[in-house]
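To start, the structure under review is shown below, and the notes come after it.
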Amino acid sequence: MRHPEWIKVKSTGTHETRKVLRRYGVSTVCEEAKCPNQGACFSQGTATFLILGDRCTRNCSFCAVETADPLPPDPYEPERVADAVQELGLKYVVVTSVTRDDLPDGGAVQFANTINAVRNKINVINIEVLTPDFKGDQEALSTVLDAGPDVFNHNVETVPRLYSVVRPMADYRLSINTVKRARQLYPDIKTKSGLMLGLGEAESEVLAVMNDLREADCDFLTIGQYLRPRRVNIAVAEYIKPEVFEKYRARGLEMGFRAVASSPLTRSSMNASAMFAG
Ligand code: SF4
Numbered sequence: 127m128r129h130p131e132w133i134k135v136k137s138t139g140t141h142e143t144r145k146v147l148r149r150y151g152v153s154t155v156c157e158e159a160k161c162p163n164q165g166a167c168f169s170q171g172t173a174t175f176l177i178l179g180d181r182c183t184r185n186c187s188f189c190a191v192e193t194a195d196p197l198p199p200d201p202y203e204p205e206r207v208a209d210a211v212q213e214l215g216l217k218y219v220v221v222t223s224v225t226r227d228d229l230p231d232g233g234a235v236q237f238a239n240t241i242n243a244v245r246n247k248i249n250v251i252n253i254e255v256l257t258p259d260f261k262g263d264q265e266a267l268s269t270v271l272d273a274g275p276d277v278f279n280h281n282v283e284t285v286p287r288l289y290s291v292v293r294p295m296a297d298y299r300l301s302i303n304t305v306k307r308a309r310q311l312y313p314d315i316k317t318k319s320g321l322m323l324g325l326g327e328a329e330s331e332v333l334a335v336m337n338d339l340r341e342a343d344c345d346f347l348t349i350g351q352y353l354r355p356r357r358v359n360i361a362v363a364e365y366i367k368p369e370v371f372e373k374y375r376a377r378g379l380e381m382g383f384r385a386v387a388s389s390p391l392t393r394s395s396m397n398a399s400a401m402f403a404g
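Residue numbers (the working numbering): 127 to 404.
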């Protein structure tokens, strides 16, 4: 289906940001997931760092990241991310990863090492981590949270009925509980989650997910339109109108979310610092 007129993807362009990323040999989910906003974000000098390689052990049908046997974690990666963050002069950084079901801790120590490396290099900075579900391993979750991120983010991505086709190796209730557990373990941390629309979900299902996240005491919510990154990925079922996103944003605030970013081009880490600052 052709993109409707309200989906305007800005050119990615070659920004100084991309040169810095290449110089330090760090990956971003912006590029790996073919995010439509990378041009805008890179021109603002921000990016979402992708650690633990660019090969995932899972095969979500909406995702452009390659499913393949990953390489061992690179022990120098946390330092390189910290160097790139310092050179970009970031005041808010988002760190995410592919899912590493092949690692005993799911990659939790690499997250902790990256948080520590950034904090050791930059005095004043806020750090958001967007993590996998660590297969519900609480010790792994604690390893990440003990390192002291300011925001813990884990995306539920879609409604439970669609998990079998959209996130076949994930579990909806486990994802909700991952957000909930983070708050229970660290009451002062801000929690966040995100949804994609346009995969065939009904409005009542979206509201039910928002309600589940509020019951999990989730603070921040992002809602955006799914866009197919490659032909092999699942097709867009529907382009949701901007006014519908606005309705969800208003409902979310009524439900008690501290902040809701909801629009066709909203993505999990887009304007994350503004959302955190409130
Ligand atoms: S877990 Fe799914 S969404 Fe995340 S990187 Fe892997 S395939 Fe992509």
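Virtual Cβ for every residue (Gly too), placed ideally from N, Cα, C.
(message) Rounding to the nearest angstrom, what Cα-Cα distance links residue 321 and residue 156 in this structure?
(response) 17 angstroms
(request) Let me know the secondary structure DSSP gives residue 156 once reduced to three states. (result) helix
(message) I'd like to confirm the pairing. Which residues does DSSP put opposite residue 182 in its beta bridges?
(response) 193
(request) On a CA-only basis, which of 404, 277, 359 is nearest residue 111? Give me that one, please. (result) Residue 111 lies beyond the residue range present for the chain, which begins at 127 and ends at 404; the question has no answer from this structure.
(message) Bridge partners for residue 316 per DSSP, in chain order?
(response) 277
(request) Just tell me which of 374, 239, 221 has its CA closest to the CA of residue 349. (result) 374
(message) Can you tell me which residues form a DSSP beta bridge with residue 350?
(response) DSSP lists 322 as the bridge partner or partners of residue 350.
(message) Which residues end up in the neighbourhood of the ligand ADP when you take C-beta atoms closer than 5 angstroms to any of its heavy atoms?
(response) The ligand ADP is not among the ligands present in this structure, which contains only the ligand SF4.
(request) Out of 257, 273, 310, 268, point me to the one whose CA is closest to residue 301's CA. (result) The residue with the shortest Cα to Cα distance from residue 301 is 257.
(request) Identify the continuous alpha helix (DSSP H) that holds residue 374 and give its terminal residues. (result) 368 to 381
(request) State the Cα-Cα distance for the pair residue 236 and residue 338, rounded to the nearest angstrom. (result) The C-alpha of residue 236 lies about 30 angstroms from the C-alpha of residue 338.
(request) Taking residue 267 and residue 226 to be in contact with their CB atoms under 8 angstroms, please state how far apart those CB atoms are, rounded to whole angstroms. (result) No, residue 267 and residue 226 are not in contact; Cβ-Cβ is about 14 angstroms, not under 8 angstroms.
(request) Per DSSP, which residues does residue 360 bridge with? Please list them. (result) The partner list for residue 360 (beta bridge, DSSP) is empty, contrary to what the question assumes.
(request) Using beta-carbon positions only, say whether residue 176 and residue 196 come within less than 9 angstroms of one another. (result) no
(request) With DSSP collapsed to three states, give me the class of residue 251. (result) coil
(request) Whole angstroms is fine: what's the gap from residue 366's alpha carbon to residue 332's? (result) 12 angstroms
(message) Tell me the rounded alpha-carbon separation between residue 364 and residue 289.
(response) 17 angstroms
(message) Three Cβ pairs or more, each shorter than 8 angstroms: is that satisfied between the region 395 to 404 and the region 206 to 220?
(response) yes
(message) If you reduce the DSSP assignment to three classes, tell me which class residue 168 lands in.
(response) helix
(message) Considering only the alpha carbon of each residue, which of 380, 230, 379 lies closest to residue 263?
(response) 230
(request) List the endpoints of the continuous beta strand (DSSP E) containing residue 222. (result) 218 to 223
(message) Less than 6 angstroms between C-beta atoms, sequence neighbours within five positions excluded: which residues of the same chain meet that for residue 130?
(response) Contacts found: 365.
(request) Under 8 angstroms by Cβ, that's how I've got residue 311 and residue 351 pegged, so tell me the actual separation to the nearest angstrom. (result) That pair is no contact at about 33 angstroms.
(request) Please check if any C-beta of chain D sits within less than 9 angstroms of the C-beta of residue 315. (result) Here there is only one protein chain, and chain D is not present.
(message) Give me, in chain order, the residues of the same chain whose beta-carbon lies closer than 7 angstroms to that of residue 356; leave out the 5 immediate sequence neighbours on both sides.
(response) 190
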